[in-house]
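Residue numbers (the numbering used here), protein chains in the order written: chain A, 2 to 333; chain B, 2 to 120; chain C, 5 to 93; chain D, 358 to 876.
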Amino acid sequence: MNVDLHTKSIEQLRNTYSHVEKYVKGNKPATRYEEATFGAQSTTNFHYRPTWAPDYELFDASRTKVILDDWYVLRDPRQFYYGNWTMTRAKQQDAMEASYRFVESKNLLDNIPTPVQKLVCDVILPLRHVAWGGNMNNCNIAAIGYGTVFTAPAMFHAMDQLGVAQYITRLGLTIGGTEVLDSGKDAWINQPHWQVLRRYIEDTFVIEDPFELFIAQNIALDGQLYEMIFESFVEQHLTSKGVSAIAMVTSFINDWFKESSRWIDAVIKIAADESDANNKLISTWVNKWGKRAQSSLEPIAELAFSEESQMAIDSSRSKMNERCKKSGLTIK
Amino acid sequence: MSLATLTTSYAFAPRDSEENFPDPLLYIGWENHLLFCAPVCVPVAGNTLFVSLQDKILKEVYGAHPDFLSISWNDVLWFKSSRPWYPNKDKSLIENGIKHKDVIRFRTPNLFGIAGSNS
Amino acid sequence: MSNVFIAFQANEESRPIVDAVIRDNPNAEVVYSPGLVKIDAPNSLIINRETIEEETGRDFDLQEIHINLVTLSGHVEEDEDQLKLSWDH
Amino acid sequence: MNSVSKHKKLSLHTRYKAMTRDLSWETSYQPMEKVYPYERYEGIKIHDWDKWEDPFRLTMDAYWKYQGEKEKKLYAVIDAFAQNSGQMGISDARYVNALKLFVQGVTPLEYSAHRGFANAGRHFSGAGASVAAQMQSVDELRHYQTEVHALSHFNKHFNGMHNFTHWYDRVWYLSVPKSFFEDALSGGPFEFLTAVSFSFEYVLTNLLFVPFMSGAAYNGDMSTVTFGFSAQSDEARHMTLGIECIKFILEQDAENRPIVQRWIDKWFWRGYRLLTIVAMMQDYMLPKRVMSWKEAWETYAEKNGTALFKDLSLYGIKEPRGWRDACEGKDHISHQAWNTFYNYNAAAPLHTWVPVAEEMEWLSEKYPKSFDRYYRPRLDYCRSEQEQGRRFYNNTLPMLCQICQIPMMFTEPGDASKICYREVNYQDDKYHFCSDHCKQIFCYEPEKYVQAWLPVHQIYQGNCFLDGVDPSQNDFDPLSAVLDYYELNAGIDNLDFEGSQDQLNFNKWDGEEAQEEAE
C-alpha cells in the first residue's frame with residue numbers, strides 16, 4: 002500500500018486564476034462558483050460589430066441604463082454553477098418522480114372531482130405559455146446582459162422556466178391528454194381573461210434594456226404570479242378543498258420560485274444599493290411593470306378564486322412589494 | 002454591399018488606416034528563409050532612404066540568420082506585391098512608390114536557407 | 005457506401021451497450037483506443053433497447069446512452085425502442 | 358374527464374411536441390417581426406418551423422437527470438485528481454503546455470458559444486430550434502465551467518494558465534480564436550448555427566476533442582480525459598443539431614442553398630485555420646503521442662467529410678471550396694505553427710522547445726513527404742543555437758492575415774518553400790491574406806473585416822501599453838511594455854521550456870517522489 006506516497010504537500014504557486022482572485026475575499030482558494038463565474042466574459046478589444054445591433058459591442062454594458070462600476074458585484078446567493086445547478090435540479094426531479102408515482106398509484110388525479118379538475122385546467126394549463134415567455138426573456142438576458150455573474154444564472158433561470166412549462170404540460174397530459182393542453186392554448190390565444198396577461202408578455206418581448214426586462218419578468222410579473230397561483234391557489238386554496246395531489250405534482254414550481262427569489266432579490270438589492278440613480282430607475286420599473294402585471298392577473302384571479310380574488314391579488318402584490326422594499330426600493 | 006445587416010446603418014472606419022499609426026507600416030519577407038516563420042511588419046517613415054532600409058532595418062530583422070552575411074545585395078531580386086520591382090536605393094521609400102501596408106519581398110539567389118531547406 | 009460511427013467512453017456502463025451493438029450489427033467493427041470505444045459500420049447502425057436490456061438484465065431507457073456517448077456520425081433517428089444511425093434519407 | 362391511464366402512453370414524438378413546439382404562439386399584440394427581429398435579414402427563408410425535427414427529444418427532466426449524473430462522475434474524478442496530486446503522474450511537464458493552449462484558446466470559445474446560442478435560442482420563432490439552441494447554450498456554459506474546474510488544479514502548480522480570460526482579449530495569437538468566434542457571434546442567427554453547429558461542431562470538432570483527449574489519456578492526465586469526453590457527450594447532441602439545422606434550412610426553400618453554400622465555404626475555412634493550433638498541439642506538445650495530426654485529419658475529416666458531403670450533394674451542396682487546400686495542408690501546418698510559436702515565444706504565455714531525438718524520428722516517420730525536407734533542418738539548427746547559448750527568438754512582429762489573423766506562415770499550396778501571399782485593394786487601403794480562401798471571405802464582406810483588431814497593428818498604434826506608458830521615451834522597451842499590458846509574468850509564463858519554472862518544479866516533485874519510493 003502506497004498510502005503515504007502522495008501525502009507530502011507540494012507547494013502551490015497560486016490559489017486560483019488571476020481574473021478570479023481579485024474577487025475572492027482573503028487569501029484563500031476560490032470556490033467552484035467563483036472560478037466558474039468571475040471574469041469569464043470578454044470585456045475589450047472586440048473585433049466586429051454585430052450585424053444585428055451595430056450600435057453596440059458584442060458584450061456591452063451600455064445596453065442597460067443601470068450603471069454598475071463592476072458588474073461582478075451581482076453575486077448569486079445560491080452560488081450556482083452548472084454542476085450544482087443541474088445536480089440540484091436532478092434531485093428535485095427525483096422527488097417529482099416519486100410524487101407522480103405516489104399520485105398515480107393512488108389514482109389521486111383521477112379522483113379529483115370533475116369541476117375542480119376543470120378549474121385546475123382552466124387556471125394552470127395556460128401558464129405553460131407564460132413560463133415559455135419567462136424562458137424567452139431570461140434567455141435574452143443571458144444573451145445581451147453584461148457580466149457572467151448576471152447572465153449565467155439568467156440562463157439557468159431560462160432553462161428552469163422551460164422546466165416549469167414542461168411540468169405544467171406533463172400535468173395537463175396526465176389529467177386530460179393533449180386535448181386539455183389544446184384548449185388551454187386556445188384560451189391563452191383567444192379567451193378575454195388571458196388577453197391582458199398575454200399582452201403583458203408580448204410587450205416584455207420587445208423590451209430592449211436587459212435589466213428592465215429582468216425587472217418586468219422576474220419580479221414584477223413572476224413575483225406576483227407564482228405567489229398567487231402556486232402558493233395561494235394550489236397550496237392553499239385547492240388543498241383547503243381537499244385536493245392536495247396538484248400541490249404534490251407541482252411542488253417543484255413552488256420550491257423553485259422560493260429558491261430563485263433569493264437570487265432575484267439579491268440582484269435588485271445590490272444594483273439599487275450602488276447609487277441613487279440606480280435605485281430610482283429600478284423603483285420606477287418595478288412600479289410601472291408591477292402595476293401592469295397586477296391588472297393582467299386580475300381576470301385570472303377571478304377565474305381561480307372567484308369572490309376571494311381581490312384578496313388574492315392584493316396579497317400577492319403586497320408580497321412582491323415587500324420583497325422590493327427589503328431590497329431598498331421605493332415602492333408606490 | 003453584400004454583408005447582410007439588420008439596418009442600413011452598418012458602417013465603420015477601417016481600424017488600420019494610415020492616420021492611426023505614427024509611421025506607415027511596411028511588410029517585408031525574405032524568400033526561401035522560413036526560419037523566420039512569416040514576413041514581418043515594421044513601421045517605417047516614408048522619407049527613409051531605401052539603402053538604409055536595406056542596410057539597417059533588414060539587418061536588425063534578419064541579421065541573426067546564418068545566410069545573412071552571405072547576401073550579395075547587388076544580386077538581390079526585389080518584389081512588390083508579387084511583381085518584380087526595381088527600387089532606387091538612394092531614394093526614399095515614398096519616392097520609390099511605397100505606401101502604407103505595402104508588402105515587399107527579396108530573393109537572395111543561391112541562398113536557400115539552413116541546409117538548403119528553405120529555412 | 006459510407007461508414008457511420010458511434011463512440012462511447014470506455015467504461016463499465018458502456019460495455020453492455022457496445023455488446024448489444026455488436027450483436028445487432030454483424031458488420032460493425034469495434035476499435036478500442038485509450039478511454040474510448042469506437043464502432044464503425046457500413047451505411048447504418050442500430051441500437052436496440054431490448055438487446056441492451058438482455059445484456060444488462062434490467063430496464064433501460066435509450067436516452068441513458070447520452071451519459072457515456074462521445075461522438076457519432078450519420079443521421080440520427082430515435083424512438084423509445086431504437087436508435088438508428090444512417091446515411092439514408 | 359378522461360382517466361389517467363388512457364393518456365399514459367403517448368408517443369415520444371407527440372409528447373415532445375407538447376413539451377416544446379406547442380409552448381410558443383403567434384404573437385398578435387406585438388408583431389412577430391418585432392418579437393423575432395433577426396429572422397429575416399440574412400435572406401434565409403423559413404416557411405414551416407414545424408418541420409424542424411429534434412432527434413433526441415430531451416425534455417428538461419431527462420436533461421437534468423442525465424446531465425446531473427455526468428456532472429457527479431466528472432467532479433468525483435476532478436476531486437480525486439487534486440487529492441492525489443495527479444499533476445505528478447503526467448508524462449512530462451511539457452505536456453501541460455497543451456493544456457495551457459486549451460484553456461487560453463478553447464475554453465473562452467465555449468463561453469462565447471454559450472452566449473451565442475442564448476442569442477440564437479431567443480431569436481428563432483420556431484420553438485423546436487429555439488429549445489435545441491438553448492440547451493446547447495447551457496451545455497456550452499457547462500463546458501467553460503468544467504474546463505475551468507478541471508484545469509484549476511494544474512493552474513495551481515504550473516504557469517501560463519492563471520490569466521487566461523485576460524489574455525484571450527489581448528494576446529496576439531489568441532486573437533485567432535477570438536476573431537473566429539466574434540465573426541460568428543456578429544452574424545445573424547442562421548449564419549451562427551451554420552458556422553458553429555455545422556461547420557465547426559459537425560465537420561471539425563472531432564478533430565479537436567477525440568485525438569486530444571486520447572492524448573491526455575496517454576500522458577496520464579485522467580482529469581482532462583474525463584472533462585473532455587464528458588463535454589464530448591454533449592457534442593454528440595450538438596453535432597446532430599448542426600446537421601439537422603443544415604438539412605432543415607435547405608429543405609425549406611431552394612433559395613437558401615447558395616447562402617448556405619457560401620457559409621459552408623467560409624466557415625469550413627475559418628474553422629480549419631483555427632484548428633492549426635490543435636495540429637501543433639498534437640504533433641509537438643504531447644510527449645507521448647497517439648496519432649499525428651495528419652492521421653487524425655485523414656480519419657476524422659477526410660473519411661467522415663467525404664461521407665457527409667456525398668450525402669449533402671442531394672441538396673446541391675458541394676464540398677467546401679477550401680477542402681482540397683485543407684487536405685494538402687495536413688503535411689505542413691503543425692510544423693509551421695510550432696515554428697511560429699518558437700519564433701515568438703517571448704510574447705506567448707506558454708513554453709516551446711525543440712523535440713528530442715526520438716520525437717524527431719516519430720515526426721519523420723509520420724511526415725515522410727515534408728519533415729526531413731523542410732522542417733527537421735530548422736529544428737536541428739535551433740537546437741544547436743540553443744546549445745551554444747543563443748536560443749533563437751524572432752524580434753520583429755509578424756505580418757498577419759486580415760481574416761484568420763494568423764501570422765503569414767502558410768506556404769503556397771503545392772510549394773512548401775514559399776509563403777502564400779494574397780492581397781486586395783479596398784477603398785484607400787491594402788489588405789493581405791494567407792490564402793485564396795481568407796481573401797475571398799474578405800472580398801464578400803469587407804465592411805466587416807476592415808474592423809478587425811489585429812494585434813500587431815494595435816501594438817504599433819500604441820493601444821497595447823498600460824496607461825501612462827510613454828513610447829517616445831528613450832529607454833522605452835516595447836516588448837516589456839506589451840507584456841505588462843498582457844499581465845504576463847515575464848520570464849515565468851513565457852520563453853523556452855528549458856530552464857523554466859515548470860520544468861524545475863516538475864523535476865523536483867519527481868525527485869522527491871522517487872526518493873520517497875526508495876525509502
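Glycine included, C-beta positions come from ideal geometry on N, C-alpha and C.
Excluding its 5 nearest sequence neighbours in each direction, alanine 439 (chain D) has C-beta neighbours in its own chain below 7 Å: His510, listed in chain order. Where lysine 281 (chain A) is concerned, the enclosing alpha helix (DSSP H) starts and stops at 277-306. Between isoleucine 95 (chain B) and asparagine 48 (chain B), the C-beta gap is smaller than 9 Å, which places the two residues in contact.
Straight-line measurement puts the Cα of isoleucine 634 (chain D) at about 18 Å from the Cα of serine 727 (chain D). If you check the CB distance, tyrosine 817 (chain D) and leucine 754 (chain D) come in under 9 Å. Taking the CA atoms as reference points, lysine 651 (chain D) sits about 10 Å from tyrosine 657 (chain D). If you draw a 10 Å sphere on the C-beta of phenylalanine 833 (chain D), you find fewer than 16 other C-beta atoms in it, and that means exposed. The Cβ of arginine 594 (chain D) sits closer than 9 Å to at least one Cβ of chain C. Glycine 224 (chain A) and arginine 318 (chain A) have their alpha carbons spaced roughly 8 Å apart. In this structure, the CA atom of tyrosine 559 (chain D) is about 13 Å from the CA atom of valine 74 (chain C). DSSP, reduced to helix, strand and coil, places lysine 391 (chain D) within a helical segment of the structure shown. Cβ-Cβ distances below 8 Å link isoleucine 283 (chain A) to Val67, Phe212, Ile216, Ile269, Ala272, Ala273, Leu330 in the same chain, with the five nearest sequence neighbours on each side left out; the list follows chain order. Taking 3 residues as the minimum length, the beta strand (DSSP E) runs contained wholly in the segment 20-73 of chain C are 33-37, 40-46, 48-52, in order along the chain. The Cβ atoms of alanine 541 (chain D) and glycine 473 (chain D) lie closer than 9 Å to each other. Non-local C-beta neighbours of tyrosine 395 (chain D) in its own chain, meaning closer than 8 Å and more than five positions away in sequence, comprise His480, Gly545, Pro546, ordered along the chain. Annotation: asparagine 322 (chain A) to tyrosine 842 (chain D) spans about 47 Å, alpha carbon to alpha carbon. Between glutamine 80 (chain A) and tyrosine 147 (chain A), the CB-CB gap reaches or exceeds 9 Å.
Chain D has no Cβ within less than 9 Å of the Cβ of asparagine 111 (chain B). By the criterion of a C-beta distance shorter than 7 Å, arginine 740 (chain D) is surrounded in its chain by Val711, once the five residues flanking it on both sides are discounted.
Bounds of any beta strand (DSSP E) do not take in isoleucine 816 (chain D); it lies within the alpha helix (DSSP H) bounded by 812-817.
Tyrosine 842 (chain D) sits in a helix when the DSSP states are folded into three classes. In this structure, the beta-carbon distance from leucine 89 (chain C) to isoleucine 10 (chain C) falls below 9 Å. DSSP places alanine 574 (chain D) inside the alpha helix (DSSP H), whose first and last residues are 562-575.
In the structure shown, arginine 779 (chain D) falls within a strand segment according to DSSP collapsed to helix, strand and coil. DSSP, read as helix, strand or coil, puts alanine 375 (chain D) in helix.
DSSP places proline 85 (chain B) within a strand segment (E or B) once states are collapsed to three.
Neighbourhood of glutamate 32 (chain B) in chain D, by CB distance below 9 Å: Ser774, Lys775, Ile776, in chain order. At least one CB of chain D lies nearer than 9 Å to the CB of isoleucine 145 (chain A).
Glycine 64 (chain B) counts as exposed, since fewer than 16 other C-beta atoms from the protein chains shown sit within 10 angstroms of its C-beta. Annotation for proline 546 (chain D): the continuous alpha helix (DSSP H) segment containing it runs 546-549. Non-local C-beta neighbours of aspartate 91 (chain B) in its own chain, meaning closer than 8 Å and more than five positions away in sequence, comprise Leu50, Phe51, Val52, ordered along the chain. Between the segment 152-167 of chain A and the segment 176-189 of chain A there are fewer than three C-beta pairs closer than 8 Å, too few to call the two in contact. Excluding five sequence positions before and after alanine 31 (chain A), the CB atoms of its chain that fall closer than 6 Å to its own CB belong to Thr17, Val21, Val25, given in chain order.
As computed with DSSP, arginine 106 (chain B) is found in a beta bridge with B:Gly30, B:Phe80.
Residues of chain A whose Cβ lies closer than 7 Å to the Cβ of alanine 375 (chain D) are, in chain order, Thr170, Leu174, Thr179, Leu182.
By the beta-carbon neighbour count (other beta carbons within 10 angstroms, threshold 16), alanine 714 (chain D) is exposed.
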